[in-house]
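One structure below.
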Amino acid sequence: MRDIERLLAEECSGVRAEEWIEKTDPADDSPVVRIPVTSAEAVSGAVRTARAASRDWARTAPADRAAAVDRAADGLSAYQEELAWLTKREMGRPLDEARAGVAAGIATLRQYAQLGPAHRGRSLAGAWSATDLMVPEPRGVAAVITPWNDPVAVSCGLIGAALVTGNTVVYKPSERTPATGWLLHRLIAEELPDGVLTLVNGGAEVGDRLVREPLDVIAHVGSTATGLSIRRATTTKVVRENGGNDPLLVDEDVDPAWAAEQAATGAFANSGQICVAVERIYVHERIAASFLAELVKRAEVLDLAPLVDRRLRDEVHSQVAEAIAAGAAVQCGGEIPAGPGAFYPATVLAGCTEQMRLMREETFGPVAPVSVVASFEEGLSRAAAGEYGLAATVLTGSLRHAQEAWRELPVGTVKVNSVFGGAPAGAAHPRGASGDGYGYGPELLDEFTATKVVHWEAPPVPQPAPQAG
Ligand code: NAD
């Protein structure tokens, strides 16, 4: 495996910058990389570069753009191990899971390379003498601003879709996974004409500067607070895929051990750092005691990877501590362990109420807050409440309850009897505070294009001049 950290250190050694991102490994606090923060002038420069490359890229044949994205996928495949290793080093994800994230990113690039040339408008039924069309056109310059929790997969989706539809891209990866973003940018940009994909590095300040530049579309995957701040900062079109507070509804007729397995997977996978993680659990009173016992049994034996950093751990713990102070009963976990890194144990809390912040907001850590409900209807109405609308899961043997649940839950994705999963190329269409627009699937191509309606008539046939006399 190539030593990317050393390569990056060499590349940055001669750079003069006012600010640096210093990234440490959340498992042991050891330094990983030091990357210069892009200055304000250089952010504007990156957008100007993207603008200058925009016309030619928009005129490049869709098949050629797709071929470049497909070659970029080959480039990522050749560096799969390095990308996975950097992900692990920067955000703590176990190597196997990091590899799966990279594989998902490669598959997404290939998927958009296939879908790009097939993306089309339609012809309209106009008059015989006219041609009436709806033609999707590239928007122009796209800013792609991404999070750290699945850094390769999420970035590849947005970058791939933006490129195949003929946009040039300014990419700002998360400041919490800067080396992963740096390598990803390099591998994709290598296959593209100069200026088609540029990179800016930094945190909120750099992101805020970027979104105030003259752009044609902004795609942000990240927290709701950031998404809303971007929306306020600009009149440019913004696609937002933001946070969630996903409920899990457990009906009275399911096997409590299986339901607990589902709950543990949903709440603790990736140490709870998944946008569609289970964030609050409503369990029917008839099976609540055995469900809780089974959930605790599973949580207690988990040896979780660390959270991305101590800043996130402090936030997670503050929500847990507030809930305990407000009456939640700790079944396991709930304490910051001694020692290096940003570890936090799988935590199960019983007796949680809607007044607690961790039931109303996204926690983004390995926490399973449980609330007992007297009926499926009560659980459904509590699950349907709140400002977020990302996803929800219902576990039930009742066809009627499943039907009611998917109809009633005001979210973009409903899962019945499985916390994760879904078919390839599934889009996501979050509601409320969770976002705006399609973040994935073929529909993302629509977000990166603007439709032009064309009505075209032949000029009138010249009439012969009337003969004199
Ligand atoms: P974040 O919003 O803090 O950061 C995401 C990106 O936005 C980063 O690159 C960051 O630097 C940038 N940013 C921060 N402030 C900005 C500003 N004012 N203007 C412009 N850019 C700014 O989110 P995060 O902590 O990196 O990621 C975790 C969040 O992402 C969670 O809320 C999670 O649910 C969400 N997420 C959502 C999805 C989805 O598909 N809905 C997928 C993954 C993660």
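Here my numbering = 1-based position in the sequence shown + 868.
The beta carbon of each residue, even a glycine, is placed where N, CA and C say it ideally should be.
No experiment lies behind these values; they were computed from the predicted model shown.
Shown here, residue 1149 sits in a strand according to DSSP, grouped into three states. Residue 930: member of the alpha helix (DSSP H) spanning 930-946, first to last residue.
Residue pairing by DSSP places residue 1023 in no beta bridge whatsoever. In this structure, ligand 1 has a non-hydrogen atom nearer than 7 Å to the beta-carbon of residue 1296.
Taking all protein chains in view, the Cβ of residue 1329 is surrounded by fewer than 16 other Cβ atoms within 10 Å, so the residue is classified as exposed. Under the three-state reduction of DSSP, residue 880 is assigned to helix.
Within a 10 Å sphere around the beta-carbon of residue 1335 sit fewer than 16 other beta-carbons, which makes this residue exposed.
Look at residue 1114 here: in three-state DSSP terms it is coil, with no helix or strand label.
The DSSP-derived three-state label of residue 899 is strand. Distance from the CA of residue 1028 to the CA of residue 1311, rounded to the nearest whole angstrom, comes to 13 Å. C-alpha of residue 1142 to C-alpha of residue 1232: approximately 7 Å in a straight line. Restricting attention to 1044, 1023, 1018, the CA atom closest to the CA of residue 889 is found in 1044. Under the DSSP definition of a beta bridge, residue 1002 partners with 990, 1321. Secondary structure at residue 1046: helix, using DSSP grouped into helix, strand and coil.
Residue 1325 and residue 1004 have their C-alpha atoms spaced approximately 20 Å apart. For the options 1229, 1111, 1095, 1150, the alpha carbon positioned closest to that of residue 1104 is the one of 1095. Relative to ligand 1, residue 1110 has its C-beta within less than 7 Å of a heavy atom.
Following the DSSP letters along the chain, one finds residue 1275 inside the alpha helix (DSSP H) bounded by residues 1267-1276.
Taking a 10 Å sphere around the C-beta of residue 961, we find 16 or more other C-beta atoms and assign the residue as buried. Residue 1236: member of the beta strand (DSSP E) spanning 1235-1241, first to last residue. A direct Cα-to-Cα measurement between residue 1317 and residue 1016 gives close to 26 Å.
CA-CA distance, residue 1076 to residue 1092, rounds to 15 Å.
Selection 1052, 994, 1246, 896 evaluated against residue 942 yields 1052 as nearest (Cα-Cα). Its Cα nearest to that of residue 902, the residue 892 stands out among 1123, 1109, 1268, 892.
In the DSSP assignment, residue 1016 falls outside any alpha helix (DSSP H) and carries neither an H nor an E. For residue 1107, same chain residues with a beta-carbon under 6 Å away, outside a window of 5 residues either side, are 1087, 1305, 1315 in chain order.
For residue 1217, the secondary structure class from DSSP, reduced to helix, strand or coil, is strand.
Residue 1169 counts as exposed, since fewer than 16 other C-beta atoms from the protein chains shown sit within 10 angstroms of its C-beta. Taking residue 873 as the centre and dropping the five residues before and after it, the same chain places the C-beta of 900, 901, 954, 957, 1047 closer than 8 Å to its C-beta, in chain order.
When the Cα atoms are used, residue 944 and residue 1074 turn out to be separated by approximately 26 Å. Take the alpha-carbon of residue 1173 and the one of residue 1253: they are about 32 Å apart. Going by beta carbons, residue 912 and residue 1081 fall inside the 8 Å limit.
Per DSSP, the continuous alpha helix (DSSP H) segment holding residue 1077 begins and ends at 1072-1079.
Within the region 1125-1182, the runs of alpha helix (DSSP H) that reach at least 4 residues and sit entirely inside it are, in chain order, 1156-1168. Taking the C-beta atoms as reference points, residue 1229 is found no nearer than 8 Å to residue 1300. Residue 1065: not part of any alpha helix (DSSP H); member of the beta strand (DSSP E) spanning 1065-1067, first to last residue.
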